[in-house]
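There are 4 protein chains.
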Amino acid sequence: MHMETGALSQARLARQFARVRAQTSALASNLSAEDCALQSMPDASPLKWHLAHTTWFFETFVLECFARNHAPFHPSYRYLFNSYYNAIGEQYPRGQRGLLSRPALDDILRYREHVNVRVAELVARQALSADALAILELGLHHEQQHQELMLTDFKHLLSLNPLYPVYREAVPGAPAAATRLNWRAFEGGLADFGHEGADFAFDNEGPRHKHYLADFELANRPVTNGEYLAFVEDGGYRRPELWLSDGWVAVTSQSWRAPGCWREREGARFEFTLSGLQPLDAARPVTHVSHFEADAYARWASARLPTEFEWERAAADVPLQGHFVESGELHPRASPDAPLAALFGDVWEWTQSDYAAYPGYRPAAGAVGEYNGKFMSNQYVLRGGSCATPRSHIRVTYRNFFPSGARWQFSGIRLARGREPAERGD
Amino acid sequence: MHMETGALSQARLARQFARVRAQTSALASNLSAEDCALQSMPDASPLKWHLAHTTWFFETFVLECFARNHAPFHPSYRYLFNSYYNAIGEQYPRGQRGLLSRPALDDILRYREHVNVRVAELVARQALSADALAILELGLHHEQQHQELMLTDFKHLLSLNPLYPVYREAVPGAPAAATRLNWRAFEGGLADFGHEGADFAFDNEGPRHKHYLADFELANRPVTNGEYLAFVEDGGYRRPELWLSDGWVAVTSQSWRAPGCWREREGARFEFTLSGLQPLDAARPVTHVSHFEADAYARWASARLPTEFEWERAAADVPLQGHFVESGELHPRASPDAPLAALFGDVWEWTQSDYAAYPGYRPAAGAVGEYNGKFMSNQYVLRGGSCATPRSHIRVTYRNFFPSGARWQFSGIRLARGREPAERGD
Amino acid sequence: MHMETGALSQARLARQFARVRAQTSALASNLSAEDCALQSMPDASPLKWHLAHTTWFFETFVLECFARNHAPFHPSYRYLFNSYYNAIGEQYPRGQRGLLSRPALDDILRYREHVNVRVAELVARQALSADALAILELGLHHEQQHQELMLTDFKHLLSLNPLYPVYREAVPGAPAAATRLNWRAFEGGLADFGHEGADFAFDNEGPRHKHYLADFELANRPVTNGEYLAFVEDGGYRRPELWLSDGWVAVTSQSWRAPGCWREREGARFEFTLSGLQPLDAARPVTHVSHFEADAYARWASARLPTEFEWERAAADVPLQGHFVESGELHPRASPDAPLAALFGDVWEWTQSDYAAYPGYRPAAGAVGEYNGKFMSNQYVLRGGSCATPRSHIRVTYRNFFPSGARWQFSGIRLARGREPAERGD
Amino acid sequence: MHMETGALSQARLARQFARVRAQTSALASNLSAEDCALQSMPDASPLKWHLAHTTWFFETFVLECFARNHAPFHPSYRYLFNSYYNAIGEQYPRGQRGLLSRPALDDILRYREHVNVRVAELVARQALSADALAILELGLHHEQQHQELMLTDFKHLLSLNPLYPVYREAVPGAPAAATRLNWRAFEGGLADFGHEGADFAFDNEGPRHKHYLADFELANRPVTNGEYLAFVEDGGYRRPELWLSDGWVAVTSQSWRAPGCWREREGARFEFTLSGLQPLDAARPVTHVSHFEADAYARWASARLPTEFEWERAAADVPLQGHFVESGELHPRASPDAPLAALFGDVWEWTQSDYAAYPGYRPAAGAVGEYNGKFMSNQYVLRGGSCATPRSHIRVTYRNFFPSGARWQFSGIRLARGREPAERGD
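Protein chains in written order, with this note's numbering: chain A, 5 to 430; chain B, 5 to 430; chain C, 5 to 430; chain D, 5 to 430.
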């Protein structure tokens with residue numbers, strides 16, 4: 005799946021394996037079996053399924069392939085917890101993952117422990133081939149992706165509950181004021197983009213290739229709730245001229261009136277968060293907006309979304325720091341005053357680039373070739389990670405992707421615009 | 005809702021309340037929180053919802069109306085656990101009952117206990133009005149209906165699980181042979197039907213009224229799996245001429261090939277039961293058939309379904325005995341050799357009668373008037389109770405009702421036919 | 005299909021054949037090919053299809069069976085114009101009848117002429133068997149049914165056109181005042197219902213059989229637009245307590261606010277008719293109401309719908325006169341002042357009786373056995389014919405049937421109520 | 005809408021107006037009113053609607069804006085025939101265009117004539133502004149687009165008719181053999197793409213901008229039916245590994261087994277054409293394939309689809325010649341033996357490029373700004389025109405676009421591949 009063999013030693017991988025697996029389990033540790041069993045929509049999965057599927061990944065691609073005398077933990081799990089790998093076989097239907105009260109959460113936790121032990125034994129007892137190490141490393145990055153999905157899928161489930169439950173208590177903190185929006189200019193030209201080198205990356209991040217950019221400007225920070233509220237109050241959701249045609253269909257057919265987690269109560273605006281319903285904070289980045297909404301907002305603001313290459317160009321010079329899942333505050337924070345704030349972390353930033361193969365792209369051989377490539381259709385690229393992304397998971401070349409209408413991720417907006425000397429004389 | 009004040013004394017009602025409420029809780033006592041939280045389809049509800057809604061009934065119709073200084077257990081429960089009583093207010097959408105991980109099962113069990121205590125106090129401390137006693141008694145029959153639905157809804161959920169889980173271990177027993185099918189003849193004439201008297205009955209069972217019957221014959225027992233298998237193997241599901249037009253649409257659009265719980269594995273036939281997957285037992289009554297299937301089978305067998313009046317005429321002379329939920333064997337048993345076996349218990353028997361108001365029918369005043377009457381449209385009457393019905397819940401005048409396509413209940417078939425002297429000379 | 009051999013002589017049948025066939029063609033004679041080709045919904049058919057299907061009936065059931073050396077007019081018509089006779093073979097899908105620009109209307113008119121000539125030859129040249137005469141007579145009644153459907157299907161199509169086209173110019177006439185609503189009382193008792201004798205009837209009208217009625221009262225005329233408007237203005241479409249549960253689902257999911265052809269323009273109420281948009285006439289019977297609306301109106305009016313037996317009992321003593329299609333005024337008229345006005349003609353009257361087999365019912369042998377019996381499920385009986393029914397088509401035992409939500413027929417409401425001496429002292 | 009004022013003189017535009025308008029009418033001249041009224045699916049429109057909408061374009065954007073004292077031809081047409089211009093007002097729902105038997109075809113032809121006369125008068129009597137001339141020219145290109153849609157929409161309608169009607173008799177001709185597939189190599193580098201200059205182009209073709217290409221190779225001609233048949237027979241529609249994930253959903257949910265117009269009869273393969281059903285010709289280009297099918301075929305053939313920039317780079321040096329609608333043969337022809345055959349005409353060639361804005365793109369001001377830009381979402385670019393495209397309508401920079409699943413256009417496949425010296429040693 006990944007184009008390059010990761011540079012990690014076997015010992016270091018073993019330690020990472022233990023750490024990442026424990027982080028996953030910790031996400032569900034304060035939840036009940038019923039919290040972990042429900043599915044809010046076909047696009048989201050029960051937490052129990054995530055716990056099992058990430059384990060299935062190691063059992064199927066590591067233990068089955070590289071461990072001697074491996075016996076399946078359970079004869080049905082190969083089918084039940086296969087997400088979409090046709091090369092492995094049939095899959096239990098995605099939309100029915102919420103119909104499985106059995107295997108119980110406890111069974112799944114035993115499954116996790118069993119596979120953890122076997123993988124640890126495998127790594128401890130024999131020198132693994134480069135292929136085996138590569139798939140093991142891939143499994144860890146795969147698991148980190150599911151860590152983020154566990155938070156967003158569970159947030160979506162809770163957001164449908166009229167009781168507005170709390171997943172984790174809010175982190176207290178002084179409210180921040182929004183910083184001023186301004187523009188940072190970039191010179192265009194021919195440059196190289198995409199991943200290269202020995203470090204791990206998904207196959208869709210490469211190969212590194214040339215791409216030409218015109219001059220452009222990028223906003224210094226993501227769009228805030230306060231700015232987005234002005235769009236809403238200016239009739240943003242009632243004016244078809246601001247929307248892509250498909251976006252307007254989404255607005256009208258789904259009765260969108262605001263971002264996915266905004267709520268109104270007796271005239272006041274609130275935002276549903278993983279810490280329950282909170283007053284809408286004007287200074288924080290707007291999140292849970294679809295690509296359609298991001299695009300419409302940008303048009304209203306006389307700007308546009310950046311391309312993924314513009315984003316990568318800008319991010320290449322910025323240290324990979326930000327507000328990630330490790331902070332424990334599972335909600336985007338107000339951006340600090342900086343030339344290019346919050347490119348990493350807080351909210352994934354929608355780009356105008358469709359999720360397509362880079363020139364020369366080749367999926368990996370075998371079943372893991374299905375990991376990324378087959379989704380290169382009708383999706384758009386998001387960049388930079390969010391407050392639910394593990395810090396060690398993100399890269400400047402990292403390409404996340406979702407369909408235009410998806411809004412249950414921590415997705416937000418950074419504006420871009422062309423740079424026309426005549427117009428921007430100042 | 006019920007037309008007559010029940011004849012039970014307040015003290016006896018108090019004892020029944022304690023018993024029925026305990027029976028409900030016992031049904032879920034061996035299940036996990038995740039077992040109780042899932043919803044398999046909009047027509048079925050999570051067990052947790054049943055546990056809460058039956059409690060809501062007593063809180064809303066008894067405590068709110070008759071207890072001094074009643075304070076709601078939780079401000080949202082009035083909305084969350086209202087099934088369909090518009091007079092009480094808005095209802096949480098039926099199809100989303102499976103999206104509520106909170107309130108947790110433990111919260112619902114506390115809610116049950118709280119209301120149990122309050123109702124017990126109410127009954128112990130003051131002499132209740134006839135109205136209060138009547139609604140309390142209604143609540144117990146309501147709760148018994150939900151006891152049966154808990155079993156059928158949960159069976160439906162488990163039936164979708166590829167692991168075929170066991171709810172309760174099978175009751176061991178010697179396999180019985182099917183008894184011979186024969187016909188019992190009844191004289192027609194004008195007679196009285198429906199409930200009358202001081203004992204409890206639902207409002208839809210009355211008023212007692214005259215109805216004319218022609219001579220008819222009734223089968224001595226329900227159709228067996230073995231008989232139904234002959235229909236299947238004779239192309240029953242491939243021959244449109246055997247089906248009502250809407251039934252044929254159901255067959256083709258839902259790909260029906262056999263009753264709802266039949267399964268095939270490597271050429272052998274099995275039946276999914278609350279004790280897991282079992283070899284199909286030819287001697288037991290066929291169950292989980294829709295009205296459409298019952299009607300098609302009857303046509304294939306050169307017979308027809310009885311009307312509800314024919315059924316009631318035949319049952320009027322039969323002792324109210326049979327195989328009910330108290331046996332612990334949650335599956336229909338092979339019928340004994342008797343002139344009219346298994347009219348009560350084992351399987352609900354589809355009639356050809358649509359579920360309509362008896363002449364002079366009037367729903368009760370107030371919100372409980374919504375209990376029965378508003379469903380008198382596009383449903384068919386079933387009679388006699390099943391292996392999941394409490395013995396004390398059923399009556400000869402009892403009218404159950406479901407739409408033509410429903411097949412997740414313990415519904416079966418008893419054949420009828422006209423009696424034409426020339427044809428039936430014996 | 006019909007139980008009895010019609011009493012008509014072969015010569016008289018031949019004359020009727022010519023007359024009925026010409027009447028059908030005349031209905032479309034002022035319409036364009038495009039008027040005749042469109043389908044407004046799966047339940048309705050293009051006029052061209054009606055013209056072809058009624059011809060197909062004679063070709064398939066008369067010429068194919070009884071004419072020597074019959075060659076099909078076109079090899080595909082057997083398939084294209086078969087409505088629902090599985091015994092004849094596969095059918096072109098109902099919902100796609102509006103996708104056939106070919107065969108052209110002119111081709112269909114040639115088809116009609118061809119079959120007319122062949123049937124006339126057959127009848128002229130040989131003495132037909134009783135079976136042949138019976139199916140020929142059935143074909144004429146079948147064709148008359150389609151004459152009414154042509155008018156209602158076409159009205160439905162035009163009603164969706166924002167231009168509100170006129171099919172036939174309105175018949176001028178002085179506006180009538182509504183007559184006073186009063187009640188006519190009937191004694192109950194055991195009586196005979198259904199068709200008997202040598203005259204033609206559909207198989208579903210028999211056999212004649214005994215049925216017991218309690219005393220009842222019937223309104224002297226159908227409910228008027230003015231009366232129904234009072235229901236609308238009293239919040240009839242906003243009050244769930246007035247509706248059957250399924251009816252309320254229809255109201256909310258389909259946004260019903262008034263009968264199917266009522267329109268509002270700048271605060272004034274209009275009714276779409278086959279003569280275009282007309283001011284709502286308070287004196288005329290309300291029409292294009294579903295069974296759900298008829299039932300809700302009756303509940304609001306503290307009454308109920310009659311059973312089909314009550315209706316037949318009342319109609320048995322009334323001369324078969326009324327306002328039928330022959331008048332040329334294709335809209336119900338204000339009812340005259342009479343003890344039982346407009347039982348026949350004007351609007352079909354919804355009953356509370358589900359469309360079910362009479363005791364002893366047997367469908368005819370062969371393909372025409374599919375004519376009626378297989379629809380005895382989830383439909384309700386309407387009685388009496390409408391302003392779009394041919395006078396010679398209706399009978400006191402005639403049973404029309406449609407699902408509860410259907411409202412594109414000329415369906416209306418006649419109220420009934422029980423008769424309780426204490427309450428009704430007069 | 006277009007970025008540049010066209011270079012045509014007013015007199016030349018007047019002549020083109022007359023010619024293009026006449027060509028549109030001629031397409032329907034041999035069809036009946038019913039042929040012109042039907043709608044096969046929401047994506048396609050009745051021919052009558054196309055005839056009216058193209059006229060509406062001139063009435064709304066030319067006569068209303070630039071003619072003195074313009075009175076609307078009909079008060080409802082502004083609403084009825086507005087396709088998707090929200091700035092003009094509400095639109096009659098797209099999916100219901102097939103429900104309008106009125107206005108009649110004759111009315112629409114009168115509408116065309118009326119607007120033709122008024123536009124001709126306008127152009128004859130006054131010197132028009134550059135804006136007026138530009139919108140008039142745009143209207144002609146708009147009308148040419150609809151000319152092609154009339155053929156493809158009507159072909160789709162006929163393809164659903166079991167009679168397989170003929171729109172235009174087939175052009176006789178000697179069958180051609182397929183030419184050999186070979187590859188033409190292109191050097192990469194930074195180059196300019198998109199429209200520039202005074203000639204007409206749609207706004208989405210500009211602005212001209214730089215884009216970098218790696219070396220690549222392009223097939224000398226489109227994929228043939230024979231080649232595609234090999235894919236089908238190799239299990240192409242049964243092997244998920246060949247498909248994008250969304251493509252595989254389309255294959256399974258829509259039961260795709262072959263291109264949209266292929267039919268099987270008694271074991272032989274046919275293709276439905278505008279000349280009726282014809283034996284499948286292995287030498288002709290495959291057509292009526294979706295983007296999903298084009299992508300899957302390319303993967304099976306160890307190649308890929310070209311980007312739109314690769315296509316434009318190759319086409320820039322090729323004369324704009326090919327098989328267009330003027331030939332009268334409304335079906336793609338076998339490609340001649342040429343270094344780069346059939347880039348223009350025959351079949352639109354799917355590219356792997358999503359339909360997105362070029363850098364610096366700005367839609368035109370006003371309502372015509374809705375012409376192109378708002379569809380830049382979830383669609384893919386096709387290049388080169390087809391056998392149904394007018395010769396004068398196509399350009400090397402022309403960008404057609406359709407969603408991934410669309411296959412009722414004359415869409416085909418040209419393969420591309422990267423150029424890797426090591427692998428391609430010749």
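Cβ coordinates follow ideal geometry from the N, Cα and C atoms, glycine included. Values in this document were obtained by computation on a predicted structure and should not be read as measured data.
(1) Does the distance from the CB of glutamine 282 of chain D to the CB of alanine 174 of chain D come in under 8 Å?
(2) Can you tell me the Cα-Cα spacing of tryptophan 352 of chain C and leucine 109 of chain C, whole angstroms?
(3) Quick check: leucine 144 of chain A and serine 44 of chain A, are their CB atoms within less than 8 Å of each other?
(4) So what does DSSP say about arginine 19 of chain D, is it helix, strand or coil?
(5) Per DSSP, leucine 386 of chain B forms a beta bridge with which residues?
(6) Please compile the residues from chain D whose C-beta is within a distance smaller than 9 Å of the C-beta of threonine 379 of chain A.
(7) Taking only three categories from DSSP, how would you classify threonine 64 of chain C?
(8) Can you grab the Cα-Cα spacing for the pair arginine 243 of chain D / threonine 401 of chain D, in whole Å?
(9) Start and end of the beta strand (DSSP E) containing phenylalanine 197 of chain D?
(10) What residues from chain D crowd round glycine 102 of chain C, counting only those whose CB sits closer than 8 Å?
(11) Assuming tyrosine 89 of chain A and alanine 272 of chain A make a contact with CB atoms under 8 Å, what is their CB distance in whole Å?
(12) Scan the stretch 58-145 of chain D and note each continuous alpha helix (DSSP H) run of 4 residues or more that stays entirely inside, going in chain order.
(13) Using 8 Å for Cβ pairs, my map puts tyrosine 362 of chain A next to glycine 210 of chain A. What's the rounded Cβ distance?
(14) Using a Cβ-Cβ cutoff of less than 6 Å, which residues in the same chain neighbour valine 24 of chain A once the five nearest sequence positions on both sides are dropped?
(15) Quick check: the Cα distance between valine 121 of chain A and alanine 138 of chain A, rounded to an integer number of angstroms?
(16) Alanine 223 of chain A lies in the beta strand (DSSP E); which residues open and close that run?
(17) Tryptophan 252 of chain A lies in the alpha helix (DSSP H); which residues open and close that run?
(18) Check whether the stretch 412-425 of chain B and the stretch 218-231 of chain B touch, using three or more Cβ-Cβ pairs below 8 Å as the test.
(19) Do we get a CB-CB distance below 8 Å when we pair glutamate 353 of chain B with the residues of chain C?
(20) Compile a chain-ordered list of the residues in the stretch 72-104 of chain B whose CB is closer than 9 Å to at least one CB of chain C.
(21) Answer with buried or exposed for threonine 28 of chain A, where buried requires no fewer than 16 other C-beta atoms within 10 angstroms of its C-beta.
(22) Starting from leucine 217 of chain D, follow its DSSP beta bridges and name the residues at the other end.
(23) If we count the other Cβ atoms within 10 Å of its Cβ and call it buried at 16 or more, is glycine 251 of chain C buried or exposed?
(24) Helix, strand or coil for proline 179 of chain C? Go by DSSP, reduced to three states.
(25) Report yes or no: is there a C-beta of chain C within less than 8 Å of the C-beta of aspartate 135 of chain D?
(26) Taking the continuous beta strand (DSSP E) assigned at leucine 281 of chain C, which residues delimit it?
(27) Residues in the same chain with beta-carbon distance under 7 Å from leucine 42 of chain A, minus the five sequence neighbours each way, listed in chain order, please.
With the structure as the only source:
(1) Yes.
(2) Using only the alpha carbons, I get a separation of about 31 Å.
(3) No, they are not a contact pair.
(4) If DSSP states are grouped into helix, strand and coil, arginine 19 of chain D belongs with the helices.
(5) In the DSSP assignment, leucine 386 of chain B forms a beta bridge with B:Trp354 and B:Asn404.
(6) One point to set straight first is that residue 379 of chain A is phenylalanine, not threonine, in the sequence displayed. Neighbours of phenylalanine 379 of chain A on chain D, chain order: Leu248, Ser249 and Asp250.
(7) The answer is helix: DSSP assigns threonine 64 of chain C an H, G or I state.
(8) Here the C-alpha atom of arginine 243 of chain D lies approximately 36 Å from the C-alpha atom of threonine 401 of chain D.
(9) Note, phenylalanine 197 of chain D: beta strand (DSSP E), 193-197.
(10) Those are Leu42 and Gly102, listed as they occur along chain D.
(11) In fact, because the Cβ distance is near 47 Å, the residues do not count as touching under 8 Å.
(12) Counting only runs of 4 or more residues that sit fully inside the stretch 58-145 of chain D, the alpha helix (DSSP H) segments are 81-84 and 109-129, in chain order.
(13) Taking a contact as a CB-CB distance under 8 Å, the pair tyrosine 362 of chain A and glycine 210 of chain A counts as one, their CB atoms being some 6 Å apart.
(14) Around valine 24 of chain A: Leu144 and Glu147.
(15) Valine 121 of chain A and alanine 138 of chain A: Cα-Cα distance of roughly 19 Å.
(16) Note, alanine 223 of chain A: beta strand (DSSP E), 220-223.
(17) Counting along the chain, tryptophan 252 of chain A sits inside the alpha helix (DSSP H) bounded by residues 249-257.
(18) These segments touch.
(19) Closer than 8 Å: no.
(20) If the cut-off is 9 Å between Cβ atoms, the stretch 72-104 of chain B has Tyr88, Asn90 and Ala91 near chain C.
(21) Counting the other Cβ atoms within 10 Å of the Cβ of threonine 28 of chain A gives 16 or more, which makes it buried.
(22) Residue pairing by DSSP puts leucine 217 of chain D in a beta bridge opposite D:Gly193.
(23) Residue burial annotation: glycine 251 of chain C is buried, with at least 16 other C-beta atoms found within 10 angstroms of its C-beta.
(24) DSSP places proline 179 of chain C in coil when its eight states are reduced to three.
(25) Chain C, which has no Cβ nearer than 8 Å to the Cβ of aspartate 135 of chain D, makes this no.
(26) Boundaries of the beta strand (DSSP E) around leucine 281 of chain C: 280-283.
(27) Pro50, Gly102 and Leu161, listed in sequence order.
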